[in-house]
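S.K.: Residues 549 to 723 in this note's numbering are what the sequence shown spells out, letter by letter.
Sharing a structure with you now.
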Amino acid sequence: MNAERFKIRTAIEEDLGAIARVLVDTWRTTFRGRLPNEFLDSMSYSHQEDRHGRMMRRPGTSYFVAVVEPQLEVVGFANGGPSRQKVLPQAGELYAIYIRDAYHGRGIGKRLFRAVVAEHRRHEREGMFVWVLADNPNRGFYERLGGRQAAQRPITLGSATVPEIAYAWDDLRSM
Ligand SMILES: CC(C)(COP(=O)(O)OP(=O)(O)OC[C@H]1O[C@@H](n2cnc3c(N)ncnc32)[C@H](O)[C@@H]1OP(=O)(O)O)[C@@H](O)C(=O)NCCC(=O)NCCS
């Protein structure tokens, strides 16, 4: 394990299958017991692959994967782009960041986060936000990276309606 190294690179279409598997598997491990089983069990790799394929092709959207070397397996991803709603003033949004459980706590999340931030800056988006389930045990990650709670909204997932919180960064130049 100690000999493993990680590379962050721009994702390509061939990564979509791995991205979908990381997302679905990580939702299940992170939210089992916190969200209805029926919702988690209904998540599908093929649906997520299609959904992320459409998102990847959207102008201004950036995708990065974390690859473990030497196996070259995708163990995490992050994506971001222009804000998808205008409720918040920040121009940029972190859409998602997911890393397989076995690879948490090794700095991969911070590197993926920074890759998305760099893309926002390249597109002259000064600020950024991310929506997080209020019950996500990993909210501390965003707090550690300087995010402040900026908004709340309900989201319906299967039979459950649960609160989501937006963390925001106003000035990405200071990151
Ligand atoms: C949240 C997640 C992306 C963090 O990635 P990671 O690679 O484990 O985090 P890093 O090792 O880069 O940690 C960066 C910093 O955040 C801190 N941190 C990471 N996870 C944390 C947590 N759950 N609570 C508090 N702090 C945390 C680390 O201690 C580290 O601090 P440091 O810079 O002082 O050393 C990862 O745990 C994950 O994918 N979780 C499951 C999916 C998920 O919840 N995604 C977010 C959906 S909105």
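Where a beta carbon is used, it is the ideal one built from N, C-alpha and C, also for glycine.
Because the structure is a prediction, the values reported are computed rather than measured.
#1: Since Pro685 contacts Gln700 with CB under 8 Å, what's their CB separation in whole angstroms?
#2: Nearest CA to the CA of Asp683: which residue from Gly694, Val664, Ile703?
#3: Which same chain residues end up closer than 7 Å to Leu588 when comparing Cβ atoms and leaving out the 5 residues on each side of it in sequence?
#4: Exposed or buried, what is Arg498 when buried is set at 16 or more other beta-carbons lying within 10 Å of its beta-carbon?
#5: At the level of alpha carbons, what is the spacing between Arg669 and Phe625?
#6: So which of Val622, Thr609, Tyr715 has the shortest CA-CA distance to Glu562?
#7: Check the DSSP bridge columns for Ser610 and list the partner residues they point to.
#8: Quick one: is the Cβ of Gly695 within less than 6 Å of any heavy atom of ligand 1?
#9: Hey, how far is the Cα of Lys634 from the Cα of Ile647?
#10: Since I believe Trp717 is in contact with Gly657 (beta carbons under 8 Å), could you give me their beta-carbon distance rounded to a whole number of angstroms?
#11: Sort Leu571, Pro584, Leu583, Ser610 by Cα distance to Gln596 and report the nearest one.
#12: Taking 6 Å as the cut-off, is the beta-carbon of Phe625 closer than that to any non-hydrogen atom of ligand 2?
M.R.: In terms of the structure at hand:
#1: No, Pro685 and Gln700 are not in contact; Cβ-Cβ is about 18 Å, not under 8 Å.
#2: Among Gly694, Val664, Ile703, the Cα nearest to that of Asp683 is on Ile703.
#3: Trp575, Arg576, Phe579, Arg580
#4: Nothing about residue 498 can be reported from this structure: the residues present for the chain run from 549 to 723 only.
#5: 19 Å
#6: Val622
#7: Its beta-bridge partners are Gly628.
#8: no
#9: 28 Å
#10: Actually they do not touch by this definition, with Cβ atoms about 15 Å apart.
#11: That would be Leu571, whose Cα lies nearest to the Cα of Gln596.
#12: Annotation note on ligand 2: not contained in the displayed structure, which lists ligand 1 as its ligands.
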